[in-house]
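When we follow the working numbering, the leftmost residue of the sequence shown carries the number 106, and every step to the right adds one.
Note that the Cβ used here is the ideal one computed from N, Cα and C, for glycine as well.
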Amino acid sequence: MKKLIEEQFDVVVIGAGPAGMMAAIRAAQLGARVALVDKKEEPGKKLLMAGNGRCNITQDQDNVVELSNLYKNGRFLLSAFNAFRPGSVQEFFTNNGVPTKVEKNGRVFPASDKAQDVLGVLVNVLKENNITFLYKSHIVDFIMEENNPSEIVASQISRGKISKIKLKKRELFPKNVIIAVGGKSYPATGSMGDGYEWAAKMGHKIIEPMPVLVPIKIKEDWVGELQGVSAGSVSIAVYQGGKKKFSNEGDLMFTHYGFSGPLALNMSRDIAKLVSQSDENIKFILDLKPYLSFEQLDEIILTDFERNADKKLSNCLHDVFSPKLLDFVLRYSGLDLEKHAAKISRKERHILVNLVKNLSVTFDSLFGFEMAMVTSGGVSTREIDSRTMQSKIVPNLYFAGEIIDVDGPTGGYNLQMCWSTGYLAGESAAKNLKA
Numbered sequence: 106m107k108k109l110i111e112e113q114f115d116v117v118v119i120g121a122g123p124a125g126m127m128a129a130i131r132a133a134q135l136g137a138r139v140a141l142v143d144k145k146e147e148p149g150k151k152l153l154m155a156g157n158g159r160c161n162i163t164q165d166q167d168n169v170v171e172l173s174n175l176y177k178n179g180r181f182l183l184s185a186f187n188a189f190r191p192g193s194v195q196e197f198f199t200n201n202g203v204p205t206k207v208e209k210n211g212r213v214f215p216a217s218d219k220a221q222d223v224l225g226v227l228v229n230v231l232k233e234n235n236i237t238f239l240y241k242s243h244i245v246d247f248i249m250e251e252n253n254p255s256e257i258v259a260s261q262i263s264r265g266k267i268s269k270i271k272l273k274k275r276e277l278f279p280k281n282v283i284i285a286v287g288g289k290s291y292p293a294t295g296s297m298g299d300g301y302e303w304a305a306k307m308g309h310k311i312i313e314p315m316p317v318l319v320p321i322k323i324k325e326d327w328v329g330e331l332q333g334v335s336a337g338s339v340s341i342a343v344y345q346g347g348k349k350k351f352s353n354e355g356d357l358m359f360t361h362y363g364f365s366g367p368l369a370l371n372m373s374r375d376i377a378k379l380v381s382q383s384d385e386n387i388k389f390i391l392d393l394k395p396y397l398s399f400e401q402l403d404e405i406i407l408t409d410f411e412r413n414a415d416k417k418l419s420n421c422l423h424d425v426f427s428p429k430l431l432d433f434v435l436r437y438s439g440l441d442l443e444k445h446a447a448k449i450s451r452k453e454r455h456i457l458v459n460l461v462k463n464l465s466v467t468f469d470s471l472f473g474f475e476m477a478m479v480t481s482g483g484v485s486t487r488e489i490d491s492r493t494m495q496s497k498i499v500p501n502l503y504f505a506g507e508i509i510d511v512d513g514p515t516g517g518y519n520l521q522m523c524w525s526t527g528y529l530a531g532e533s534a535a536k537n538l539k540a
């Protein structure tokens, strides 16, 4: 029988996603001998999907207090954000050959619009720092040893250190371990929730993982007619049991099943809470022109009709709506499309305005982990030292990225969380290399 390969490392990072790669880089920069372990054949699969292949790497926001307020358990992230700010992320990629640009709503992208360039930088820096890559490597088990009581910090409930990590073909002997395997979103990329089982076995509490930032399914069939239509600055009010719960505004994408795009994805976080609290029906009221009052939109439509008085309704309003949206509004209004604009009554005009300002649809369901951009839930933040990302239970264990019970809105926020927690975990693990 072939003997297992045995290797010793200062820091073993498990998970070659954005948090894991950044953790490995930072630890190696500080002189640690680092191994990066992942069960996939190559790193960063999920990263390549970010921003529809463009990779929204962060937000252009350097006020870490305001930034943290946008996250679940955001206060936990303050030290990490201070250690590696959004500006630091932009500098990291720019200094390594991938300049960035800032777009609408503060979203930061590589100037090339290519996620592959972002991944390329990370892989190159990993190689420059002599990190050992152990891809296609499955974790078999973690072997624990008991701590000397004198080494136990008062805030820790010691379950012993990790003395050995068993892989299928190797045994690793780490001084410190960073788990950065992500959550359960997009399982095809390798995020299967393995880390939750490992952390729980070591004594950590796991907050139930939930899919968030997911598309929304709508009951009405007509929504499929708008598939592919992108509507900027749409407002959606959410009602449950006839009572208004909240409203949001942003960019919406219509799909064959319902809604996607930044507005729908961000709303899904709060809708999931409503669904978990009550089984009452949820309805949405869409305002497709929220920046115009009812009267202003009516005046715009009236002006268009006056300018095109001798044309049929079907040939009007081309300057008011995009072609596909106009086609839907006219057909869904029930008005006579053969009628000339000059003969459209005030009441008929108001039907159009009301349709645009108060389009009612019925919520059906949210997609699951297979379509979720992010997982909400994971290792409880109460059991992780926010100043270092170190476990309060296992002294030589650190966490980074989506495995932790923190998540933010779409727009680069969740990648920033990964960069920052990865950086801080790598730095802390490298500075704490007691034998």
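Where L224 is concerned, the enclosing alpha helix (DSSP H) starts and stops at 220-233. Taking all protein chains shown into account, I119 has 16 or more neighbouring C-beta atoms within 10 Å of its C-beta and is therefore buried. One alpha carbon belongs to L379, the other to Q345, and they sit about 8 Å apart. Check the Cα spacing between S242 and each of I311, I110, G513: the tightest is with I110. Note on geometry: alpha-carbon atoms of I509 and N371 lie some 19 Å from one another. Taking 7 Å as the cut-off, the beta carbon of L277 is found closer than this to the beta carbon of V117. Relative to the Cα of V458, the nearest Cα in the group K324, L402, V319 belongs to L402.
Distance from the CA atom of F474 to the CA atom of V319, rounded to whole angstroms, is 8 Å. Around the beta-carbon of N174, fewer than 16 other beta-carbon atoms lie within 10 Å, marking it exposed. Under the rule that a run must span 3 or more residues, no beta strand (DSSP E) segment is found entirely inside the region 399-454. Closest by C-alpha distance to K232, out of D415, L529, Q134, is Q134.
Taking the CA atoms as reference points, N353 sits about 14 Å from N210. Along the length of the region 452-527, whole alpha helix (DSSP H) runs at least 4 residues long do not occur. The beta carbons of N187 and V203 sit no closer together than 7 Å. Within the same chain, Cβ atoms closer than 6 Å to the Cβ of S184 are found at S491, R492, the five residues on either side in sequence being excluded. Within the same chain, and ignoring the five residues on either side of S268 in sequence, the residues whose Cβ sits closer than 6 Å to its Cβ are I248, E250. Three or more beta-carbon pairs separated by less than 8 Å are not found between the region 517-526 and the region 329-342, which leaves the two stretches without contact. Under DSSP, A140 shares a beta bridge with V117, T237. Considering only I387, I284, G366, the residue with the shortest C-alpha distance to E325 is I387. Under the three-state reduction of DSSP, N281 is assigned to strand. CA-to-CA, the gap between S383 and D469 works out to about 14 Å.
DSSP, read as helix, strand or coil, puts V286 in coil. Excluding the 5 residues flanking it on each side, W327 has same chain C-beta neighbours closer than 7 Å at Y437, in chain order. C-alpha of F197 to C-alpha of A216: approximately 14 Å in a straight line. The beta carbon of K349 is closer than 8 Å to those of A342, V343 in its chain, skipping five residues each way along the sequence.
For T205, no alpha helix (DSSP H) encloses it; the enclosing beta strand (DSSP E) starts and ends at 205-207. Per DSSP, the continuous beta strand (DSSP E) segment holding K271 begins and ends at 266-272.
Apart from sequence neighbours up to five positions away, the residues of its chain that approach E488 with a beta-carbon distance below 7 Å are H309, K310, S496, K497, I498, ordered along the chain. When the Cα atoms are used, P500 and G506 turn out to be separated by approximately 19 Å. For A342, the enclosing beta strand (DSSP E) stretches over residues 335-345. Per the coordinates, the alpha-carbon of D392 lies some 6 Å from the alpha-carbon of N463.
For G192, the uninterrupted alpha helix (DSSP H) segment begins and ends at 191-200.
A straight-line Cα-Cα distance of about 38 Å links L224 and K394. If you compare the alpha carbons of K448, A447, L418, R159 with that of V434, the shortest gap goes to L418.
With respect to R131, D167 sits apart: the two C-beta atoms are not nearer than 7 Å.
No residue range can be given for F181, since it is assigned to no beta strand (DSSP E) and is classified by DSSP as neither H nor E.
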